[in-house]
Amino acid sequence: MSSAVELAQIWRGDVMESVHSGHAVICNGEGEIVEAWGDPEIVMLPRSSCKMIQALPLVESGAELSEAQVAFACASHSGASVHTEMAAAWLSDLGLSERDMRCGSHMPQDQTEQHRLIRQSEEPCQLHNNCSGKHCGFLMLNRQLGGGTEYVEVDHPVQKAVRAAFEDVTGEVSTGYGIDGCSAPNFSTSLAGLARAMGFFANAHRKSGARAEAAARITTAMARHPLLVAGEGRACTGLMRAMDGRVTVKTGAEAVFTGILPELGLGIALKVIDGTTRGAECAITALLIRAGVLSPDHPVVTKYWNAPVTNCRGTTTGWIRPGSALA
């Protein structure tokens, strides 16, 4: 078993102040490991980085979905009006309401919507939950499957369908699960299994069959609608825009990141073991540059790769740099 390697470094002046260590894997369409850093067999929870897998049963079901809805089903969004309005409209189309969701509520990350709620003395609702798109998708799939109202239960038909798809594309039997922040089960896999799944998505447009067709549709939808997948100022949105829809990336809680590179037929999965988002964002950016799909000169790159750290006066005090393993 390989130990974790440096994926990102934090410098203050000429002193390396912190290190974010972790693991990363790149797989091809045959599920083979092309390159790895650290331990590819580490067992982990993908969190929201696998939302495209969770959306597979929905897209395969034959439900009528717009491309925007497919992308939104895979979102970890900021709760801006564009997101809450889409969730509300989708629920309305299903004849359902926010009360039918089981994701819970939290204050949105989008500052404009935060300020609106505060000014109007309103509490956030489940539409603001960053996973509300996924839950709209679960509710739509539940309509197709005829399951009960508690669609987040691990033995519910919706989650059984998700687990079957998850185990198929990772090529592994999941050893367990955790309950995600939005109350849905999140199934475990090895990091190599997660990269193997991303490799499947990256090559889906070259394959036939319902699952491959669904995966190709999901990949395209996410790449074409980066704002719906995350939000303004977010890494997923900015990086996908910078790559002009040629690559799909998805973050997950506790510093997980995945990438789907259709032109190269490669899938990426990484995990920073201290759970720090800045480390994962630096690492995925470095891997995309290394793969040749992201220009190091693009303005968005300076937010995550060799990115300046500033203090309260705006003075540059240090840098976020790729770790020695990726430099």
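In UniProt numbering, the protein residues as written are 1 to 327.
All C-beta atoms in this analysis are idealised placements derived from N, C-alpha and C, irrespective of residue type, glycine included.
Just so we're clear, the structure is a prediction, and the values are computed from it rather than from any experiment.
query: The alpha helix (DSSP H) with Ser81 in it runs from where to where?
result: 81-93
field: Start and end residues, alpha helix (DSSP H) containing Leu117
entry: Leu117: member of the alpha helix (DSSP H) spanning 111-119, first to last residue.
message: In the DSSP assignment, the alpha helix (DSSP H) including Leu288 goes from what residue to what residue?
response: Counted as a single uninterrupted DSSP element, the alpha helix (DSSP H) harbouring Leu288 occupies residues 277-291.
query: Would the beta-carbon of Arg278 fall within 8 Å of that of Ile320?
result: yes
query: Any idea what DSSP makes of Thr317, helix, strand or coil?
result: Here Thr317 sits in strand by DSSP.
task: Please name the residue in Val293, Ala325, Lys250, Leu261 whose C-alpha comes closest to that of Arg47.
output: When Val293, Ala325, Lys250, Leu261 are compared, the shortest CA-CA separation from Arg47 is found for Lys250.
query: Are the beta-carbon atoms of Gly231 and Ala255 separated by less than 8 Å?
result: no
query: Do Ser81 and Gln109 have their CB atoms nearer than 8 Å?
result: no
task: Could you tell me whether any Cβ in chain C is nearer than 8 Å to the Cβ of Ser105?
output: Although the question refers to chain C, the structure presented lacks it and comprises just one protein chain.
query: Quick check: the stretch 53-67 against the stretch 215-227, are there 3 or more CB pairs under 8 Å?
result: yes
query: Hey, would you say Gly267 sits closer than 8 Å to Ala202, going by beta carbons?
result: yes
field: Exposure of Thr316, with buried meaning 16 or more beta-carbon neighbours within 10 Å
entry: exposed
field: DSSP state of Leu270 mapped onto helix, strand, coil
entry: strand
query: Any contact of the stretch 94-102 with the stretch 134-147, i.e. 3+ C-beta pairs under 8 Å?
result: yes
- prompt: For the candidate residues Met52, Lys160, Glu113, Thr149, whose alpha-carbon lies nearest to that of Gly199?
  reply: Out of Met52, Lys160, Glu113, Thr149, Met52 has the C-alpha closest to the C-alpha of Gly199.
task: With a threshold of 16 other CB atoms inside 10 Å of the CB of Ala192, please say whether the residue is buried or exposed.
output: buried
query: Ala307 by DSSP, collapsed to three states: which one?
result: strand
task: Determine the direct distance from the alpha carbon of Leu56 to that of Leu145, and round the result to whole angstroms.
output: Distance from the CA atom of Leu145 to the CA atom of Leu56, rounded to whole angstroms, is 14 Å.
field: Given Ile42 as reference, the closest of Gly22, Leu58, Lys207, Val34 once Cα atoms are compared
entry: It is Gly22 whose Cα lies nearest to the Cα of Ile42.
task: Give me the Cβ distance between Val309 and Thr285, rounded to the nearest whole Å; I'm assuming they're in contact under 8 Å.
output: Not quite, the Cβ-Cβ distance comes to about 15 Å (not below 8 Å), so this is no contact.
field: Coarse secondary structure for Met222, derived from DSSP in three states
entry: helix
message: Below 8 Å on the Cβ atoms is my contact criterion, and I expect Asn129 with Cys182 to pass it. Report the Cβ-Cβ distance as a whole number of Å.
response: A Cβ-Cβ distance of about 6 Å is found for the pair Asn129 and Cys182, placing them in contact under the 8 Å criterion.
field: Classification of residue 335 by the beta-carbon crowding that lies within 10 angstroms, buried from 16 upward
entry: Shown here, the chain extends from 1 to 327; a query on residue 335 therefore has no answer.
message: For a test of the three-state rule: what should DSSP assign to Ile260, helix, strand or coil?
response: strand
task: Would you mind giving the Cβ-Cβ distance between Thr175 and Leu194, rounded to the nearest angstrom? I have them listed as a contact below 8 Å.
output: With 8 Å as the limit, Thr175 and Leu194 do not qualify as a contact, their Cβ atoms being about 13 Å apart.
message: In chain order, what are the residue ranges of uninterrupted alpha helix (DSSP H) at least 4 long that sit wholly in the stretch 153-182?
response: 157-170
query: So which of Gln126, Ala204, Ser190 has the shortest CA-CA distance to Leu45?
result: The residue with the shortest Cα to Cα distance from Leu45 is Ser190.
- request: Starting from Gln9, follow its DSSP beta bridges and name the residues at the other end.
  value: Val19, Arg321
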